[in-house]
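Using the UniProt record's numbering, the first residue of the sequence shown is number 1, and each one after it goes up by one.
Taking it in order: structure first as structure tokens, then the write-up.
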Amino acid sequence: MASPRIRLGMVGGGEGAFIGAVHRIAARLDDRYELVAGALSSTPDRALRSAQALGLAPDRSYPDFAAMARAEAARPDGIEAVAIVTPNHMHAPAAEAFLDAGVHVICDKPLTATLGEAWRLRDKAHASDRIFAVTYNYTGYPLVRHARRMIRDGELGAIRVIQVEYPQEWLSTPLEQTGQKQADWRTDPARSGAGGCIGDIGTHAFQLAHFVSGLAPSHVLAEVTTFVPGRRLDDNVQVLLRYAEGARGALWASQVAPGNDNGLRLRVFGDKGGIDWRQDEPNRLTWSPLGEAPRLIGRGTAAMNADGQRVNRIPAGHPEGYLEAFATLYSEVADAILAKRSGGSVDAAVTFPTIGDGFAGVAFVDAALRSSEGGGVWVSPDR
Numbered sequence: 001m002a003s004p005r006i007r008l009g010m011v012g013g014g015e016g017a018f019i020g021a022v023h024r025i026a027a028r029l030d031d032r033y034e035l036v037a038g039a040l041s042s043t044p045d046r047a048l049r050s051a052q053a054l055g056l057a058p059d060r061s062y063p064d065f066a067a068m069a070r071a072e073a074a075r076p077d078g079i080e081a082v083a084i085v086t087p088n089h090m091h092a093p094a095a096e097a098f099l100d101a102g103v104h105v106i107c108d109k110p111l112t113a114t115l116g117e118a119w120r121l122r123d124k125a126h127a128s129d130r131i132f133a134v135t136y137n138y139t140g141y142p143l144v145r146h147a148r149r150m151i152r153d154g155e156l157g158a159i160r161v162i163q164v165e166y167p168q169e170w171l172s173t174p175l176e177q178t179g180q181k182q183a184d185w186r187t188d189p190a191r192s193g194a195g196g197c198i199g200d201i202g203t204h205a206f207q208l209a210h211f212v213s214g215l216a217p218s219h220v221l222a223e224v225t226t227f228v229p230g231r232r233l234d235d236n237v238q239v240l241l242r243y244a245e246g247a248r249g250a251l252w253a254s255q256v257a258p259g260n261d262n263g264l265r266l267r268v269f270g271d272k273g274g275i276d277w278r279q280d281e282p283n284r285l286t287w288s289p290l291g292e293a294p295r296l297i298g299r300g301t302a303a304m305n306a307d308g309q310r311v312n313r314i315p316a317g318h319p320e321g322y323l324e325a326f327a328t329l330y331s332e333v334a335d336a337i338l339a340k341r342s343g344g345s346v347d348a349a350v351t352f353p354t355i356g357d358g359f360a361g362v363a364f365v366d367a368a369l370r371s372s373e374g375g376g377v378w379v380s381p382d383r
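Structural data, given as structure tokens:
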């Protein structure tokens with residue numbers, strides 16, 4: 001390797017967790033990181049068992065993130081970056097501790113549980129010289145990068161309409177009442193924050209639309225709904241989006257939509273044509289030039305532009321999916337960290353969601369909730 005692997009720590013992601021394993025796979029897929037330390041659970045015994053299962057040294061398994069940040073900062077071989085994969089309410093305190101310790105941060109979404117935390121964390125991140133990435137992983141797909149470049153190059157013309165949706169079915173029943181871990185914390189306002197479905201997957205839809213189109217809504221009008229009796233947070237949200245540039249949009253996110261496993265879909269229409277991309281078929285993008293037959297652009301083919309090819313790993317016909325897209329973000333962050341390590345500048349082509357994207361997601365949730373609570377009124381998200 002041209003450079004030693006980045007020494008990575010992890011907060012959360014122990015026994016019974018889903019997203020921690022995904023982060024670990026993503027970090028290793030391109031061989032850029034080595035996991036060397038962790039505070040993997042809020043329960044010390046479970047944290048130690050999780051560390052042992054992953055082969056971490058006993059003295060680098062910590063009972064909590066604060067102890068980990070202090071100890072790792074004091075080591076000559078301490079971690080360079082930390083992945084924070086806890087429930088939402090722990091994102092801000094853990095990220096602040098590691099920024100104070102001089103460690104780069106890779107934080108799962110949403111950035112924080114509250115807008116106030118997001119303001120403080122953004123200020124702290126901007127005041128530091130550390131990399132801060134937020135894992136909106138769908139931005140790592142090659143055809144998402146291709147679509148983004150098409151819009152920036154003017155191929156769609158002036159953007160008129162943005163339609164994004166993210167339906168799931170997994171919370172159509174009160175699953176949280178069975179003790180299922182993922183459902184339990186995601187429907188608990190103390191751990192998830194004020195947004196349920198809107199924070200969990202609505203922020204993914206919101207960020208994908210922004211990443212590809214380059215547009216951020218000036219105003220939102222939302223109806224946030226809880227359909228399952230007894231549930232403490234929303235499980236469905238419908239939002240109208242108004243853009244200062246003149247475009248209009250709509251966002252729908254639901255976790256009570258039977259027949260949908262993970263139906264993230266983005267459509268963008270301009271005055272010269274439209275695009276259509278679906279996460280469940282990520283290796284295909286439909287491009288419809290105005291007045292012409294739709295064209296299917298395949299990942300890895302000659303039709304894919306340089307931005308898509310840059311993050312493409314394998315030839316066309318060999319599917320790339322969720323884990324590869326996640327790994328793309330880790331590799332992009334690795335490029336930025338290695339540039340920091342050497343005192344150089346980050347290549348302009350390196351692209352990943354930052355603290356700014358994380359803040360925008362939390363501000364979107366806050367604005368949508370305020371809009372819905374006001375009876376469906378137009379609200380401007382904080383900037």
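Ideal placement from N, C-alpha and C gives every residue a C-beta, glycine not left out.
Predicted model, so just to flag it, every value in this text is computed and none were measured.
For W287, the pairing in a beta bridge is given by DSSP as I275, R295. Counting other Cβ atoms within 10 Å of its Cβ, L296 stays below 16 and is therefore classed as exposed. Of the other Cβ atoms in all chains shown, 16 or more fall within 10 Å of the Cβ of R130; this residue is therefore buried. For I19, the enclosing alpha helix (DSSP H) has its first and last residue at 19-29. With contacts defined by Cβ atoms closer than 8 Å, Q168 and Q255 form a contacting pair.
Taking the Cβ atoms as the reference, P282 lies roughly 5 Å from Y141, within the contact range of under 8 Å. Taking 8 Å as the cut-off, the beta carbon of L143 is found no closer than this to the beta carbon of A83.
In the DSSP annotation of this structure, the continuous segment of the beta strand (DSSP E) that includes Q163 starts and ends at 159-167. Under the rule that a run must span 4 or more residues, the alpha helix (DSSP H) segments found entirely inside the stretch 154-242 read 181-186, 189-192, 203-213. If you compare the alpha carbons of Y166, S371, A67, I355 with that of A37, the shortest gap goes to A67.
Excluding the 5 residues flanking it on each side, S331 has same chain C-beta neighbours closer than 7 Å at D30, R32, in chain order. Taken atom to atom, the span from the alpha-carbon of L40 to that of H104 is near 18 Å. Around the beta carbon of H210, 16 or more other beta carbons lie within 10 angstroms, which makes this residue buried. Taking a cut-off of 8 Å on C-beta distances, the stretch 192-209 touches the stretch 251-269, as three or more cross pairs fall below it.
A Cβ-Cβ distance of about 12 Å is found for the pair R186 and H89, leaving them out of contact under the 8 Å criterion. Taking a contact to require three or more Cβ pairs closer than 8 Å, the stretch 339-346 and the stretch 215-231 do not qualify as touching. The count of Cβ pairs closer than 8 Å, one atom from the stretch 259-273 and one from the stretch 154-172, reaches three, so the stretches are in contact. Leaving aside the five residues that flank L338 on each side, the residues in its chain whose CB is nearer than 7 Å to its CB run, in chain order, S3. For S50, the secondary structure class from DSSP, reduced to helix, strand or coil, is helix. Just measuring C-alpha positions, the residue of V11, I19, A27 sitting nearest L329 is A27.
A distance below 6 Å between beta-carbons, with the five flanking residues on each side excluded, links G55 to no residue of its chain. Going by DSSP, M10 is part of the beta strand (DSSP E) stretching over 6-11. By the criterion of a C-beta distance shorter than 7 Å, V212 is surrounded in its chain by V144, A147, R148, I151, L266, V268, once the five residues flanking it on both sides are discounted. DSSP, reduced to helix, strand and coil, places R267 within a strand of the structure shown. Under the three-pair Cβ rule at 8 Å, the stretch 236-248 does not count as touching the stretch 271-289. Between I19 and L323, the gap from beta carbon to beta carbon reaches 8 Å or more. The residue among R299, V220, H318, I6 with its C-alpha nearest the C-alpha of W378 is V220.
Relative to P217, the option among R120, I159, N236, G179 whose CA is nearest is I159. Using a Cβ distance threshold of 8 Å, Q182 and G361 do not count as a contacting pair. Around the CB of L290, fewer than 16 other CB atoms lie within 10 Å, so the residue is classed as exposed. With a threshold of 16 other beta carbon atoms within 10 Å, D123 falls short and is exposed.
Sixteen is the threshold: since fewer than 16 other Cβ atoms of the shown chains lie within 10 Å of the Cβ of E373, the residue is exposed.
Counting the other CB atoms within 10 Å of its CB gives T112 a total of 16 or more, which places it among the buried residues.
The criterion of a C-beta distance shorter than 8 Å is not satisfied by A257 and Q238. Sequence-distant partners of F98 (beyond 5 residues in either direction) whose C-beta falls short of 7 Å from its own C-beta, in its chain, are A69, V82, V105.
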